[in-house]
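A.B. asks: In this text, residue positions in the sequence shown follow the working numbering: the first is 285, and each later residue adds one. The beta-carbon is built from N, C-alpha and C at its ideal position, and this holds for glycine as well.
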Amino acid sequence: MKKYDMLLILILIALDQLTKYIVVVTMPLSFSIPLIPSFLALTHARNFGASWSLFQNQMPFLIGVTMVALAVMINWYIRLTKGWSFERLGLVFMIGGTLGNFIDRLILGYVVDFIDVIIFGYDFPIFNVADMALTFGVIFLILHEIKEFSHVKRT
Numbered sequence: 285m286k287k288y289d290m291l292l293i294l295i296l297i298a299l300d301q302l303t304k305y306i307v308v309v310t311m312p313l314s315f316s317i318p319l320i321p322s323f324l325a326l327t328h329a330r331n332f333g334a335s336w337s338l339f340q341n342q343m344p345f346l347i348g349v350t351m352v353a354l355a356v357m358i359n360w361y362i363r364l365t366k367g368w369s370f371e372r373l374g375l376v377f378m379i380g381g382t383l384g385n386f387i388d389r390l391i392l393g394y395v396v397d398f399i400d401v402i403i404f405g406y407d408f409p410i411f412n413v414a415d416m417a418l419t420f421g422v423i424f425l426i427l428h429e430i431k432e433f434s435h436v437k438r439t
């Protein structure tokens, strides 16, 4: 793994774990601090499942799926050609985000979430920095595919 990629993964994990730690030590569970009324709040929550609270209380299953996902992403990363790409960046963000939430699951038995967003009246599921890294990782992979598709289409 390239040293800058590893550094970015470590930064993402550190930022994720630090923000979760700050929330846990400064906010009681379910406590909410409105930052932008009717749009953004910090809300201390525990997620015993996966995205959108799927697979609640299925920790052995979630740990197994996470380990398989990490193995697939790392194998994919290793097979990449050298040089910068949205694909490489996407995988780095996804690995960092996956590891951030994986640490919570292994140590706490749940994932700490705290970013609470309301979009057009819809109270989006509460999430964290690791979830944001995963989302950006997927966006970077989509950008890579769009770039590859447009390159193939031109030739």
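How is ALA334 classed by DSSP in three states: helix, strand or coil?
C.D. replies: Under the three-state reduction of DSSP, ALA334 is assigned to coil, being neither helix nor strand.
A.B. asks: Can you tell me whether LYS366 is buried or exposed, with buried defined as 16 or more other CB within 10 angstroms of its CB?
C.D. replies: exposed
A.B. asks: Tell me, please, whether the region 312-327 touches the region 386-393 by the rule of three or more beta-carbon pairs shorter than 8 Å.
C.D. replies: They do not touch, by the three-pair rule.
A.B. asks: Return the CA-CA distance between VAL401 and VAL308, expressed in angstroms with no decimal places.
C.D. replies: 19 Å
A.B. asks: Looking at the strands, I want to know which residues DSSP matches up with PHE411.
C.D. replies: Per DSSP, ILE399.
A.B. asks: Do you know offhand how far GLY384's Cα is from ILE297's?
C.D. replies: 5 Å
A.B. asks: Does DSSP put PRO312 in a helix, a strand or coil?
C.D. replies: coil
A.B. asks: Can you name the residues that DSSP bridges to TYR448?
C.D. replies: Residue 448 falls outside the range modelled here, since the chain spans only 285 to 439, and no answer is possible.
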